[in-house]
Amino acid sequence: MSGIGLKEFADRIGEIMPTIIKEFMKQQKTSFYKLKVTMPQFVILTFLTRQGEMRMSDLARSMGVTTAAMTGIVDRLVRDRYVVRSYDPKDRRVIRIKTTPKGDGLVKDIHEERRKMCIDIFGRVSQYDREEYLRILTKIRDILIKEKDA
20 MSGIGLKEFA DRIGEIMPTI IKEFMKQQKT SFYKLKVTMP QFVILTFLTR
70 QGEMRMSDLA RSMGVTTAAM TGIVDRLVRD RYVVRSYDPK DRRVIRIKTT
120 PKGDGLVKDI HEERRKMCID IFGRVSQYDR EEYLRILTKI RDILIKEKDA
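Plus 19 on top of the position in the sequence shown (first one is 1) and you've got the working numbering.
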């Protein structure tokens with residue numbers, strides 16, 4: 020693969036990445052289906068687990084969706100007892116969302132399944148290749164974050 024141009028590289032990435040993402044999601048879909056949670060719900064639960072309690076408006080902004088769209092997703096998470104909604108005692112217009120122990124457990128379980136899947140897949144790749152892959156992904160993430168913040 021040495022010596023390929025940037026255009027060919029972009030084309031190859033364009034071919035490979037959708038397959039990787041699709042297969043990765045297919046393997047995880049079983050977990051989501053079994054636990055009756057959607058990918059957007061899981062992303063929100065993971066974010067709340069890391070950030071702690073958040074205002075609904077801040078959560079919507081962080082996820083890049085409207086407050087109305089976030090309300091629909093949160094309603095289902097509340098219904099299934101993965102999060103709780105509370106009102107700020109100083110300003111009842113402010114709604115706060117936080118995970119419940121059930122929500123935290125769900126995130127932990129799915130992350131553990133994801134870890135096992137990664138160990139299985141990357142256990143078939145050399146340590147050198149794993150380290151290079153991680154180095155490159157980290158670099159790409161950093162570039163994307165800098166562009167988003169600019």
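All C-beta atoms, glycine included, are put in the ideal place defined by N, C-alpha and C.
Source: prediction; values computed, not measured.
- 8 Å or more divides the Cβ of residue 126 from the Cβ of residue 57.
- The segment 75-82 makes contact with the segment 111-123: 3 or more CB pairs, one atom from each, lie closer than 8 Å.
- The straight-line gap separating the alpha-carbon atoms of residue 34 and residue 143 is approximately 22 Å.
- The residue among 138, 157 and 129 with its C-alpha nearest the C-alpha of residue 61 is 129.
- Counting only unbroken stretches of 4 or more residues, the alpha helix (DSSP H) elements lying wholly within the segment 69-132 are 75-82 and 86-98, in sequence order.
- The three-state reading of DSSP puts residue 165 in helix, counting H, G and I together.
- Looking at the backbone, the Cα of residue 59 and that of residue 23 are separated by about 37 Å.
- When C-alpha distances from residue 82 are compared across 65, 98 and 95, the shortest belongs to 65.
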